Each structure stands twice: as C-alpha cells, then as structure tokens.
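**Student:** I have a structure I would like to understand better, so I am pasting it below and will then ask my questions one at a time.
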Amino acid sequence: MRMASPTRYRTMWTLLLAAGAALACFSPDAIAQQEGRRRRSGTQEAKPVEITPEQLAQLTKIANDRKLNVDDLLAAAKTFMPSGRHDEYVLFSSGGQSGQVFAIGIPSMRLLRSIAVFTPESWQGYGFAGDKDPIRESLKINGKPVEWGDTHHPALSETKGDYDGEFLFIGDKANARLGVIDLRDWDCKQVVKNPLTISDHGAAFVTPNTDYVIEGGQYGTVLGYGYALPEDYKKSYRGMVTMWKFDRAKGRIDESQSFALELPPYWQDLADAGKLASDGWFFINSFNTEMATGGVEKGSPPFEAGASKRDMDYLHIIDWKKAEAAFKAGKAEKVNGFPLLKLATLVEEGILHFAPEPKSPHGVDVTPDGKYMVVAGKLDPHVTVYSIERIKKAIAEKKFSSKDEYGVPVLDFDAVREAQVELGLGPLHTQFDDKGYAYTSLFLDSAVARWSLGGETAKKAPEGDWKLVQKTPVQYNIGHLCAAEGDTVSPDGNFLVSMSKWSVDRFLTTGPLLPQNFQLLDIVQSGTTMPVIYDSPIGVGEPHYCQMIRADKLKTWKVYPEVGWDPHKQMLSPDAPKKGDEGVTREGNKVLVKMTAVRSHFKPEHVEVNEGDVITWRITAMETAQDATHGFCIGGYNVNLSLEPGEYTEFTFTADRAGTYPYYCTEFCSALHLEMMGYLHVKPKGNAAVPAKDADHVAASK
Ligand code: K7E
Ligand code: CUA
Numbered sequence: 002m003r004m005a006s007p008t009r010y011r012t013m014w015t016l017l018l019a020a021g022a023a024l025a026c027f028s029p030d031a032i033a034q035q036e037g038r039r040r041r042s043g044t045q046e047a048k049p050v051e052i053t054p055e056q057l058a059q060l061t062k063i064a065n066d067r068k069l070n071v072d073d074l075l076a077a078a079k080t081f082m083p084s085g086r087h088d089e090y091v092l093f094s095s096g097g098q099s100g101q102v103f104a105i106g107i108p109s110m111r112l113l114r115s116i117a118v119f120t121p122e123s124w125q126g127y128g129f130a131g132d133k134d135p136i137r138e139s140l141k142i143n144g145k146p147v148e149w150g151d152t153h154h155p156a157l158s159e160t161k162g163d164y165d166g167e168f169l170f171i172g173d174k175a176n177a178r179l180g181v182i183d184l185r186d187w188d189c190k191q192v193v194k195n196p197l198t199i200s201d202h203g204a205a206f207v208t209p210n211t212d213y214v215i216e217g218g219q220y221g222t223v224l225g226y227g228y229a230l231p232e233d234y235k236k237s238y239r240g241m242v243t244m245w246k247f248d249r250a251k252g253r254i255d256e257s258q259s260f261a262l263e264l265p266p267y268w269q270d271l272a273d274a275g276k277l278a279s280d281g282w283f284f285i286n287s288f289n290t291e292m293a294t295g296g297v298e299k300g301s302p303p304f305e306a307g308a309s310k311r312d313m314d315y316l317h318i319i320d321w322k323k324a325e326a327a328f329k330a331g332k333a334e335k336v337n338g339f340p341l342l343k344l345a346t347l348v349e350e351g352i353l354h355f356a357p358e359p360k361s362p363h364g365v366d367v368t369p370d371g372k373y374m375v376v377a378g379k380l381d382p383h384v385t386v387y388s389i390e391r392i393k394k395a396i397a398e399k400k401f402s403s404k405d406e407y408g409v410p411v412l413d414f415d416a417v418r419e420a421q422v423e424l425g426l427g428p429l430h431t432q433f434d435d436k437g438y439a440y441t442s443l444f445l446d447s448a449v450a451r452w453s454l455g456g457e458t459a460k461k462a463p464e465g466d467w468k469l470v471q472k473t474p475v476q477y478n479i480g481h482l483c484a485a486e487g488d489t490v491s492p493d494g495n496f497l498v499s500m501s502k503w504s505v506d507r508f509l510t511t512g513p514l515l516p517q518n519f520q521l522l523d524i525v526q527s528g529t530t531m532p533v534i535y536d537s538p539i540g541v542g543e544p545h546y547c548q549m550i551r552a553d554k555l556k557t558w559k560v561y562p563e564v565g566w567d568p569h570k571q572m573l574s575p576d577a578p579k580k581g582d583e584g585v586t587r588e589g590n591k592v593l594v595k596m597t598a599v600r601s602h603f604k605p606e607h608v609e610v611n612e613g614d615v616i617t618w619r620i621t622a623m624e625t626a627q628d629a630t631h632g633f634c635i636g637g638y639n640v641n642l643s644l645e646p647g648e649y650t651e652f653t654f655t656a657d658r659a660g661t662y663p664y665y666c667t668e669f670c671s672a673l674h675l676e677m678m679g680y681l682h683v684k685p686k687g688n689a690a691v692p693a694k695d696a697d698h699v700a701a702s703k
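Right, dumping it as structure tokens:
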C-alpha cells in the first residue's frame, strides 16, 4: 500500500473539516437554533407607528416616483404582509381546468399551495408512485385514464352551517367526479365518479353538518351512460342530483349509503343547501326549461337562443330529509348499479317542487339565517328573493300555479317571492357579510353590487330593506365572488374576492393566453366604499368558486403524527420500514425493498434486482422536523414521491428495463442533499452486462 504524502493528508483534513462544519450546520441543535432565529425575526411585535418627517418625505418620494396615490398607499398597507407574518384567512379556490385546488392567503393574496385532485402532480408525488399508482387507478373512468378535471365548486365541511376546517370537497364538472381533501394534511384522499352522468355542475355543496355532499348535474343526458338522439330528448334525457353520504369518522364518502334523484331534463345549475330556518332543504337553479335541443344544422335555433326563450325557469326546491327517508324505505331503483329516486316517486312523496324564477338564472345562495334564497338571473337585471316560510306555506296550502310536463307542481310565484332587487346587468352569484348586506357579482356590468337584506333577516343594514347600496367596478367580467366565510351562518365580512374572468390589460401580456384576475375588495375598513385593494393574476387555470375560511379554524398538522404514517389510510402503517429494517429481500421474482430516508441519505444506497422482477418498494421518511421533506425519484421509471416528515409510502413497478439507475432526493433538503442518492441496478436477463453501445442504441430507438 502506498503511503499518503503529507500534502495529501492536509487536503484530506481540509475536506473532512469542511464536511464536518457542513454537518454541524445541519445538526439538530444547529437547526433548532436557526429555526428559533427565523421565528423570532418573523414575528416581531408591531409597535404603534409613528412616522418621522424624514420617513414621510421618503414615503412621499417613493409614492411620487412610482406614481402611487394615497388610495394605493392605503391598499398596500392593508395587504402587505411583513416577512413571517401569517395571513388571516385561507382562500380555497377551484383550479379550473388544472384539476387542482389552490390555497391563497388573504389579505396578502400569496399562493400558499396547490392541492392535486384530478390531475397528477409531480411535486406532491401525486400519481407518480410506480406502475399501478392507486391515485391514477382512482382517476380511471371505464378503464380509461382521465387525468384532468374542470374543478368548479369547492365546499368546506360544515358543522351547524359553519366551516369547521376539517375537510374540503371539490367537483369536477367535465367528468362528474368529487374529490375529498383532508385538511389535516391538505391531501386528496378520495375521488368518486358519478355512475349516472358524464358531467355535472352543481358540486360540491354540503348540508349544514356535512351529512351529505351534494352533486347537481347540468346538461340533460340519458342517466347511466345511456344513448338517445335529440328527437327523444323529452322522453329519454334526464337531469339528476346526487346525495353523497359523508362518513366523517372515516373521512370518506360512503358510496353504499349514497343515492340520487331523477330530475326533468332541464339544465340544473348551481345549488345551495338550506341552513337554520331552511335546514333539511336544498335548492337548485335551472335553465333550458325550454328543453331546446339545439342543432342549427337541422334548422332549429342554436342552444343559446333556444334555451333562453322563456321568461321563467324553475327553482328546484328539494326536501332532502324526505328524499333520505324514501331512499331508506327502499323506494329507489338501481340505474347503472346506483340507487335513483325516480321523478314519479319525488312527486308522490312531495320531495320536489318548483318555483318560477326569471330568465336563465345561475346562482342560488341562501342567506346566513337560512330564511331567504337569493336567485340571480343572468338575463334579468334583478335578483329574486324567495322566503322559506312562504315556500313551506305554499306547499302546505298547495298554492300551485301549474304542473310541469313531468307532473312536478310549480308553486305560485307571488306566493313564494319575498322581493326583487334591481342590481344591474348579468347578476350571477351572491355572498353575505355580518352587517346585513349581500354582495352580487354582475358579469356584464363587471361590478360587485352591495345591497341590503330585508324582511325578517337577523341583521339589518341602515339603508332599509332590499336596496342597492353601491357598486364597485372590477376588471373584468366577474364570475363568482367570495366574502370571508360569506356563505356560512356567521359571515365575517372584512374581505371579498372578485374572481374576474378576463384580465385583458391588467398585467404584462403573457401571450394570447392571459391569467384570470383575483381582485381583493376591502368591504369594511374603507367605510361606505369598497375599493379594490389588490390584483392577483391566477395563471394556472380558470377558477370558478372559492371559499374563504379563518386560518385559525384549520387544524393542520405540521408533520405526520407518527413516523411511518400512511396518509392514504390516515394511520400508522404496520408495513412502514423502521430503522434497522432496511434491505432487499426476494421471493421468486418478487422483490421487497425496505428503505428509510433521513437527512441526508437513503438506506439502502444500492438495490440490486433482475430484469423482469416485480418490485415493491417501501420508504419511511424518518424526519420529525417541520418542512424536512425529501423527494424520491427513479428517472426513466416515472417515479417521483414527496416524502413529508413521518410519511410512509409504498410503490410497485416491474423492472422491465435493465440498467443502472441513479435514484435521488428531489427536494433540496440539506447541504448534502445532492449526496442523498443511490443506485438501482437492474441486472439484464441472461446475466450479461449491457454493452454501452447497445444501451445507447436502445435509448436512441425509444
Ligand atoms: Cu358561475 Cu361553475 Cu359556479 Cu363558473 S360557475 S363562474
Ligand atoms: Cu433529501 Cu434532498
């Protein structure tokens, strides 16, 4: 053996010392110290502000240089978050065609996270766990991967009509699916597919204690994936609404206790569940009660004209307690294996009534006390307000003006209408505050209208009953809007987000495809006005609805409760490898890899298998410190995991291609993160090494 020269020793020592220093930086003590420093600097106590003349001069200069006016400075002061300060609210927004949910801090408008639901997402390791990823399996429809969604309406779980911060549901309009997100770890746990219909719209909405998650349909179709041409529209097409039973203890929808209601083939639109005074009911708008079937090519009016002919459509009024009783009494029939209460049963049991509603309505929203239903008709400048008391009375007294073609009684409009308030052009959706005001989006006016509630509502605004109070212009074409806890029994008011569809010139041009624009309105601090105080481009999909929950209601875990936690099952997994378990075992061609991950190494660092082996790979992230996340990828095998502190993950794949594959940590976790790697050696069949040029050839020919 050759002796090392003194110079060599010196170099080695320098290297070792350097490595030691780097490791010391990442020792638990050092990390704790660093975190302590971070925390202290992040939560500096705010002292009362006194602006010196020098500071005022500086502020004035900055404002003038940047062409800011006083309103701009005030807006900045209302939304700016000093480093480390946390937002007051979390906005859970649909992610539109991205198939995800976005979580945004309010008032800062900072994107906190996306939550993958209907679309595989690699950072979260969602859908990249081997050949038969359970998530991808759950996204299949009729055996076909459908790996995107058009998310429209998120619904936070509620207790007594108030957000409880435990779960979040989200609907996929394109494929009639629901996602269930557990807000302890902000992770999608379940995707259910509606067996009756291809697409939906009025989803998700929850009953006041989240007994049911409601999924309303939209376009009439032949229920159960049937076939019929437009000639048979009235006979064969139907609408539907599904009541998914939610098992809170399991954190899952219980498909075996769920059922649907058959509806006429009107195009059911948005829905809202009653609460307090209207608990036990829910309401769905509809349009195309004309039952237009489109088809310019056949000389019929196009849908947009045919579906807008009548002056009135039907508000669907559903007594869901009666529906539940009918389902439990065995009155449902199975369609495509799913229990369906037929229209005739709904009429017989008094489950379904209609009330006329003006011209192609879109949103229906129940006031905080549950007494009134606000319907916004996109082709009518008014919102129409119905009273649950009047509805119940009209049903009891059988005040029907007619029956529709399917025998559903239509309540007398004047008997159930409480008020109509003229707001402007294209009213769509309504939210509420804590002071007796309602806020309605005006799509065509590009404005938010504030108006006062009336009647026997709990909170009264000073302007008197049912009055338009004011409008704030937004840019441009607002769809939904969302006030803080604005659809619960106790809204907060404070902030309102306008989900504007077009941003046109509001931001730098990003090509012909432009972001949406979320605009924050201050609906409290500015007194009688409600100025826009922030514009936030959303360049990842077209969100529809969102809900804003007080951040302190969320009971989010900082790390998984125990090391070896299986997030799919929300429990400690008996399969999770522990320290000392690591290694590779084989039975026939089945290989089991048990691995642990901790800063900054995977154990084992070499895994040897044979080409064609079926590999089950289990990893436990041994970390217990907040944010100590590792990733794990095997390039070429489509594997990428996010290993959050304490998380246990298992994936399976067939090692169908020989070669030596580095696997590595994909999350920059420590100074020696690049060293957090290892090799998967897939030995070629016949035991021969793959010559380099053959390997190149194979790679090139793929
Ligand atoms: Cu108005 Cu799907 Cu609620 Cu879009 S929907 S805006
Ligand atoms: Cu672990 Cu990077």
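Just so you know, we're using our numbering here: the sequence shown kicks off at 2 and counts up by one. Quick reminder that beta carbons are idealized off the backbone N, C-alpha and C, glycines included. In this text, all values refer to a predicted model and were calculated from it rather than measured experimentally.
Cutting at 7 Å between CB atoms, please list the residues of its own chain near Leu-184, excluding the five before and the five after it.
**Tutor:** So the qualifying residues of the chain are Gly-166, Glu-167, Phe-168, Leu-169, Leu-555, Thr-557.
**Student:** Which residues in the same chain as Pro-605 place their Cβ atom closer than 8 Å to its Cβ, once the five residues preceding and following it in sequence are excluded?
**Tutor:** Here the set comprises Glu-583, Gly-584, Val-585, Val-594, Met-596, Gly-679.
**Student:** For the 8 Å Cβ check, are there 3 or more pairs between the region 654-665 and the region 627-642?
**Tutor:** Because the criterion of three Cβ pairs below 8 Å is met, the region 654-665 and the region 627-642 touch.
**Student:** Does at least one heavy atom of the ligand K7E sit under 8 Å from the Cβ of Gly-427?
**Tutor:** Checking every heavy atom of the ligand K7E against the Cβ of Gly-427, none is found closer than 8 Å.
**Student:** Take Ala-76 and list the residues in its own chain whose beta-carbon comes closer than 6 Å to its own, dropping the five residues that flank it on each side.
**Tutor:** Closer than 6 Å at Cβ, skipping near neighbours: Ile-534.
**Student:** Please tell me whether, using a cut-off of 8 Å, the distance from the CB of Leu-271 to the nearest non-hydrogen atom of the ligand K7E is below it.
**Tutor:** Yes.
**Student:** With DSSP run on the structure shown, which of helix, strand or coil describes Gly-679?
**Tutor:** Reduced to three states, the DSSP call for Gly-679 is strand.
**Student:** With C-beta atoms as the reference, is Phe-129 less than 9 Å away from Val-640?
**Tutor:** Against a cut-off of 9 Å, the Cβ pair of Val-640 and Phe-129 comes out as a contact.
**Student:** Kindly indicate which residue of Thr-290, Val-181, Pro-562 has the alpha-carbon position closest to the one of Glu-256.
**Tutor:** The shortest C-alpha separation from Glu-256 is found at Val-181.
**Student:** Quick one: is the Cβ of Phe-260 within less than 8 Å of any heavy atom of the ligand CUA?
**Tutor:** No - the ligand CUA has no heavy atom lying nearer than 8 Å to the Cβ of Phe-260.
**Student:** Of the choices Phe-119, Gly-96, Thr-120, whose alpha-carbon is the least far from that of Leu-112?
**Tutor:** Ranking the options by Cα distance to Leu-112, first place goes to Gly-96.
**Student:** Is DSSP giving Val-541 helix, strand or coil here?
**Tutor:** Three-state DSSP puts Val-541 in coil, outside helix and strand.
**Student:** Under the criterion of a Cβ to heavy atom distance below 8 Å, does Met-500 qualify as lining the ligand K7E?
**Tutor:** Met-500: yes, Cβ under 8 Å from the ligand K7E.
**Student:** Taking just the CA atoms, how far does Trp-149 sit from Phe-27?
**Tutor:** With a pLDDT of 44 at Phe-27, under the threshold of 50, the modelled position of that residue is not reliable, and no figure is offered here.
**Student:** According to DSSP, is Trp-1 part of a helix, a strand, or is it coil?
**Tutor:** A query on residue 1 cannot be resolved here, the shown segment of the chain reaching from 2 to 703 and no further.
**Student:** Let's see if you can read the secondary structure: which residues bound the beta strand (DSSP E) around Trp-618?
**Tutor:** 615-622 is the extent of the beta strand (DSSP E) around Trp-618.
**Student:** Which term fits Arg-39, buried or exposed, when burial requires 16 or more other beta carbons within 10 angstroms of its beta carbon?
**Tutor:** Because Arg-39 carries a pLDDT of 42, less than 50, the predicted location of this residue cannot be relied on, and no value is offered for it.
**Student:** Using a Cβ-Cβ cut-off of 6 Å (strictly less than) and excluding sequence neighbours within five positions of His-682, which residues of its own chain qualify?
**Tutor:** Contacts found: Glu-609, Thr-661.
**Student:** Where do the N-terminal and C-terminal ends of the alpha helix (DSSP H) with Asn-65 fall, by residue?
**Tutor:** Taken as a continuous stretch (DSSP letters only), the alpha helix (DSSP H) holding Asn-65 covers 54-66.
**Student:** When burial is assigned at 16 or more other CB atoms within 10 Å of the CB, is Ala-117 buried or exposed?
**Tutor:** So Ala-117 ends up on the buried side.
**Student:** What do you reckon, is the C-beta of Met-623 under 8 Å from a heavy atom of the ligand CUA?
**Tutor:** Met-623 Cβ: outside cutoff for every heavy atom of the ligand CUA.
**Student:** In angstroms, rounded to a whole number, what distance separates the CA positions of Leu-707 and Leu-57?
**Tutor:** The chain is shown from 2 up to 703; residue 707 falls before or after that span and cannot be answered.
**Student:** According to DSSP, is Ala-293 part of a helix, a strand, or is it coil?
**Tutor:** DSSP places Ala-293 in coil when its eight states are reduced to three.
**Student:** Which residues does DSSP pair with Phe-170 in a beta bridge?
**Tutor:** DSSP lists Ala-156, Val-181 as partners of Phe-170.
**Student:** Count the other C-beta atoms from every protein chain shown that fall within 10 angstroms of the C-beta of Asp-446, then say buried if there are 16 or more, exposed otherwise.
**Tutor:** Asp-446 is buried by the Cβ-count criterion.
**Student:** Less than 8 Å between the CB of Ser-123 and some heavy atom of the ligand CUA, yes or no?
**Tutor:** Answer for Ser-123: no, Cβ out of range of the ligand CUA.
**Student:** Closer than 8 Å to a non-hydrogen atom of the ligand CUA - does that hold for the CB of Pro-383?
**Tutor:** Reading off the sequence shown, one finds His at residue 383, where the question assumed Pro. No - the ligand CUA has no heavy atom lying nearer than 8 Å to the Cβ of His-383.
**Student:** Note the first and the last residue of the continuous beta strand (DSSP E) segment covering Ser-402.
**Tutor:** Note, Ser-402: beta strand (DSSP E), 401-404.
**Student:** Could you pull out every residue in the same chain whose Cβ sits closer than 7 Å to the Cβ of Trp-245, ignoring the five residues on either side in sequence?
**Tutor:** Cβ within range, chain order: Leu-179, Val-193, Tyr-213, Val-214, Glu-216, Ile-254, Ser-259.
**Student:** Once the 5 residues before and after Ala-175 are set aside, which same chain residues still bring their CB inside 7 Å of it?
**Tutor:** Closer than 7 Å at the Cβ level, and outside the excluded window around Ala-175, lie Gly-150, Asp-151, Ser-200.
**Student:** Buried or exposed: where does Glu-486 fall if 16 or more other Cβ atoms within 10 Å of its Cβ makes it buried?
**Tutor:** Burial call: buried.
**Student:** Run through DSSP, which three-state label would Lys-246 get?
**Tutor:** Three-state DSSP puts Lys-246 in a strand.
**Student:** For Ala-20, which residues of its own chain have a beta-carbon under 6 Å away from its beta-carbon, when the five flanking residues on both sides are left out?
**Tutor:** Here the model assigns Ala-20 a pLDDT of 41, short of 50, so the residue's position is not dependable and the matter cannot be decided.
**Student:** Curious, which full-length alpha helix (DSSP H) runs of at least 4 residues does the region 282-364 contain?
**Tutor:** Runs found: 304-307, 321-329, 344-349.
**Student:** Taking buried to mean at least 16 other C-beta atoms within 10 Å of its own C-beta, is Pro-575 buried or exposed?
**Tutor:** Exposed, because fewer than 16 other Cβ atoms sit within 10 Å of the Cβ of Pro-575.
**Student:** Per the contact definition of three or more C-beta pairs closer than 8 Å, is the region 95-110 in contact with the region 612-629?
**Tutor:** Touching, no.
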